[in-house]
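Residue numbers (my numbering): 13 to 307. Here a beta-carbon is modelled for each residue, glycine too, at the ideal position from N, C-alpha and C.
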Amino acid sequence: MPTAAARISTTPDRGAAEAANRARNCQAEVGRRRRWGPARDALWRLLDAHVRPGASVAVVGVGNGDDLPLRRLARRAGRLDLIDIDGDAARAARRRLLSRRSRVTAVVADVTDGDADRAVQAAVAGHAPPPGMAPPRRLAGGLYDVVVADLLYTQLLFPALLDAGLPGDAVEAALAEAGPPVTRRLVQRLHASAPEGIVVHLHDLLGWWPQRGQPFGIDAVLELGARDLPAALALADGGRSPVGADPRPVLEELGADVVDTALWRWPFDDVAEYLVVATVARSPGPARGPGLRSR
Numbered sequence: 013m014p015t016a017a018a019r020i021s022t023t024p025d026r027g028a029a030e031a032a033n034r035a036r037n038c039q040a041e042v043g044r045r046r047r048w049g050p051a052r053d054a055l056w057r058l059l060d061a062h063v064r065p066g067a068s069v070a071v072v073g074v075g076n077g078d079d080l081p082l083r084r085l086a087r088r089a090g091r092l093d094l095i096d097i098d099g100d101a102a103r104a105a106r107r108r109l110l111s112r113r114s115r116v117t118a119v120v121a122d123v124t125d126g127d128a129d130r131a132v133q134a135a136v137a138g139h140a141p142p143p144g145m146a147p148p149r150r151l152a153g154g155l156y157d158v159v160v161a162d163l164l165y166t167q168l169l170f171p172a173l174l175d176a177g178l179p180g181d182a183v184e185a186a187l188a189e190a191g192p193p194v195t196r197r198l199v200q201r202l203h204a205s206a207p208e209g210i211v212v213h214l215h216d217l218l219g220w221w222p223q224r225g226q227p228f229g230i231d232a233v234l235e236l237g238a239r240d241l242p243a244a245l246a247l248a249d250g251g252r253s254p255v256g257a258d259p260r261p262v263l264e265e266l267g268a269d270v271v272d273t274a275l276w277r278w279p280f281d282d283v284a285e286y287l288v289v290a291t292v293a294r295s296p297g298p299a300r301g302p303g304l305r306s307r
C-alpha cells in the first residue's frame with residue numbers, strides 16, 4: 013500500500029482558478045502565522061466541540077494552512093485530508109505536521125469540479141456561464157465525519173476574475189451572476205461528502221481596510237456577538253460583503269440543520285482585517301435535500 017504522502021490526486025490542467033490561488037499562496041509573508049494565532053485559537057475552540065477523537069476530517073481550501081490549527085486537528089483526527097487546488101501549498105502544510113503526517117494526506121483537487129474556471133472563461137468571453145452542469149459529486153476522499161470549508165468561498169472566482177484584467181463593473185457582474193450557483197454547488201458537494209456528519213463553513217463575510225469602509229467597526233459586531241449572536245449577525249449582514257459568496261443562504265435553501273455559529277477577527281495584514289462567520293451545519297435528513305446527490 014502506498015504511504016499517505018504518495019496518495020496524491022492531481023488536477024490535469026491548470027486553469028485560471030489554480031493560477032490565481034497559487035500566485036497568492038506564494039505571496040504569503042513570514043510574519044502572518046504569528047499574527048493569525050488568535051484566529052487559529054478561535055477556530056480550534058469551535059472544532060474542539062465538534063470533532064470527536066478518531067474522526068475522518070477533510071479541510072477544503074487548506075492553502076498554506078497558516079489560519080488553521082492543523083497540529084491540534086491532526087492529533088484529534090484519525091484521518092485528515094488537506095485539500096487544495098494548489099498542490100505545493102497543501103503538501104507544505106502537511107510537511108509541517110512532522111510526527112502526525114502518517115495520518116495526513118495532501119490532496120490536490122479543484123473542489124468546484126471546473127465550475128469556477130468555466131465561469132471565469134465565460135466572463136472573459138462576455139457571456140453567461142454554461143447551464144446544465146452535472147450534479148455535484150463527493151470529494152475524491154469519499155465520506156467524512158467533518159468537512160471544514162476554510163475561507164474559500166470568496167476565493168472561488170474573485171482572484172481569477174481580477175487577474176483576467178476585467179474592469180471592476182464586469183467583475184461585480186460576473187460575481188453576481190456566477191457566484192451563487194458556483195457557491196451552491198460547492199456547498200452541495202461538501203454536504204454530500206459528509207451525509208452523516210457536519211460541515212464547518214468558514215466565510216470572511218466582511219473586510220475593513222483603508223479603501224474598504226463599512227458602516228460600523230468590527231469591534232461593534234464582536235462585542236454585540238458576545239451578548240446577542242443573532243443581533244450581531246443581523247448587524248454584519250448590513251455591511252458591504254462579497255457578492256455571491258455567502259454559504260448561509262444555500263444552507264437555508266437546502267434545509268441543512270445549523271448546530272453552531274461563531275464569530276471572530278482575522279487580522280489579515282497590517283492594514284486589513286476580516287470578520288469570520290463560522291457556521292456548523294448537518295446535512296439535510298434522509299432525503300438529503302434537493303440536489304444533494306452523490307455517486
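Look at the alpha carbon of Asn37 and the alpha carbon of Gln133, and state the distance between them as a whole number of angstroms.
-> One-based indexing of the sequence shown puts residue 37 at position 25. One-based indexing of the sequence shown puts residue 133 at position 121. Near 22 Å, if we compare the C-alpha coordinates of Gln133 and Asn37.
Identify the continuous alpha helix (DSSP H) that holds Leu241 and give its terminal residues.
-> Against the sequence shown, residue 241 aligns to sequence position 229. Looking at the DSSP string, the run of the alpha helix (DSSP H) that includes Leu241 is 241–248.
Determine the burial state of Pro171: buried for a count of at least 16 other Cβ atoms within 10 Å of its Cβ, exposed for fewer.
-> Position 159 of the sequence shown, counted from the start, is the residue given in the question as residue 171. Note on Pro171: 16 or more other CB atoms within 10 angstroms of its CB, so buried under the neighbour-count rule.
For Trp220: DSSP bridge partner residues = If you number the sequence shown from 1, residue 220 lands on position 208. Trp220 is bridged to Glu285.
With distances taken Cα to Cα, identify the nearest neighbour of Val123 among Val116, Asp157, Leu169.
-> Here residue 123 corresponds to residue number 111 of the sequence shown, with the count starting at 1. Per the Cα distances, Leu169.
Helix or strand or just coil, what does DSSP make of Leu58?
-> Position 46 of the sequence shown, counted from the start, is the residue given in the question as residue 58. DSSP places Leu58 in helix when its eight states are reduced to three.
Starting from Ala161 and walking both ways along the beta strand (DSSP E), at which residues does that stretch end?
-> As a first step, residue 161 must be located in the sequence shown, where it is residue number 149. 158–162 is the span of the beta strand (DSSP E), which, as asked, contains Ala161.
Would you mind giving the Cβ-Cβ distance between Ala70 and Gly153, rounded to the nearest angstrom? I have them listed as a contact below 8 Å.
-> Stepping through the sequence shown from its first residue, residue 70 is reached at position 58. Stepping through the sequence shown from its first residue, residue 153 is reached at position 141. Confirmed, about 6 Å.
Where are the alpha helix (DSSP H) runs, 4 residues long or more, that stay fully inside the region 116–188, in chain order?
-> Unbroken alpha helix (DSSP H) runs of no fewer than 4 residues, entirely contained in the region 116–188, are found at 127–137, 170–175, following chain order.
Under 8 Å, do Gly90 and Ala121 count as touching if we go by C-beta distance?
-> In the sequence shown, the residue the question calls residue 90 occupies position 78. In the sequence shown, the residue the question calls residue 121 occupies position 109. One thing to note: Gly90 has its Cβ no nearer than 8 Å to the Cβ of Ala121.
Measure the C-alpha to C-alpha separation of Leu245 and Ala232 and round it to an integer number of angstroms.
-> Translated into the one-based positions of the sequence shown, residue 245 becomes position 233. Translated into the one-based positions of the sequence shown, residue 232 becomes position 220. Going by the C-alpha atoms only, they are around 11 Å apart.
Does DSSP classify Ile210 as helix, strand or coil?
-> Position 198 of the sequence shown, counted from the first residue, corresponds to residue 210. Note: Ile210 maps to strand in three-state DSSP.
Is the CB-CB distance between Asp162 and Leu263 below 8 Å?
-> In the sequence shown, the residue the question calls residue 162 occupies position 150. In the sequence shown, the residue the question calls residue 263 occupies position 251. Going by beta carbons, Asp162 and Leu263 fall outside the 8 Å limit.
heavy atom of the ligand PLP below 7 Å from Pro179 C-beta | The model depicted lacks the ligand PLP and carries no ligand whatsoever.
List the whole-angstrom C-beta distance separating Leu58 from Val292, where the pair is believed to meet the contact cut-off of C-beta under 8 Å.
-> Residue 58 sits at position 46 when you count from the first residue of the sequence shown. Residue 292 sits at position 280 when you count from the first residue of the sequence shown. The C-beta distance from Leu58 to Val292 rounds to 7 Å, short enough to fall under 8 Å.
Complete runs of the alpha helix (DSSP H) confined to the region 57–96 [at least 4 residues] | Taking 4 residues as the minimum length, the alpha helix (DSSP H) runs contained wholly in the region 57–96 are 82–88, in order along the chain.
With 16 other Cβ atoms within 10 Å as the buried cut-off, status of Ser295 | Locating residue 295 in the sequence shown gives position 283, counting from the first residue. With 16 or more other CB atoms across the displayed protein chains lying within 10 angstroms of its CB, Ser295 is buried.
Return yes when the Cβ of Trp48 is within less than 8 Å of the Cβ of Arg84, no when it is not.
-> As a working note, residue 84 is residue 72 in the sequence shown. As a working note, residue 48 is residue 36 in the sequence shown. Their beta carbons are not under 8 Å apart, which means Arg84 does not touch Trp48 by this criterion.
Determine the extent of the alpha helix (DSSP H) in which Arg112 is found, giving its start and end residues.
-> Locating residue 112 in the sequence shown gives position 100, where the first residue counts as 1. Arg112 -> no alpha helix (DSSP H), and no H or E assigned at all.
How would you label Arg239, buried or exposed, when you count the other beta carbons within 10 angstroms and need 16 or more for buried?
-> Counted from its first residue, the sequence shown places residue 239 at position 227. Arg239 is exposed by the Cβ-count criterion.
DSSP three-state call for Val271: helix, strand or coil?
-> Residue mapping note: residue 271 aligns to position 259 of the sequence shown, counting from 1. Correct three-state label for Val271: strand.
What is the rounded straight-line gap between the Cα of Asp216 and the Cα of Asp258?
-> Locating residue 216 in the sequence shown gives position 204, counting from the first residue. Locating residue 258 in the sequence shown gives position 246, counting from the first residue. Using only the alpha carbons, I get a separation of about 9 Å.
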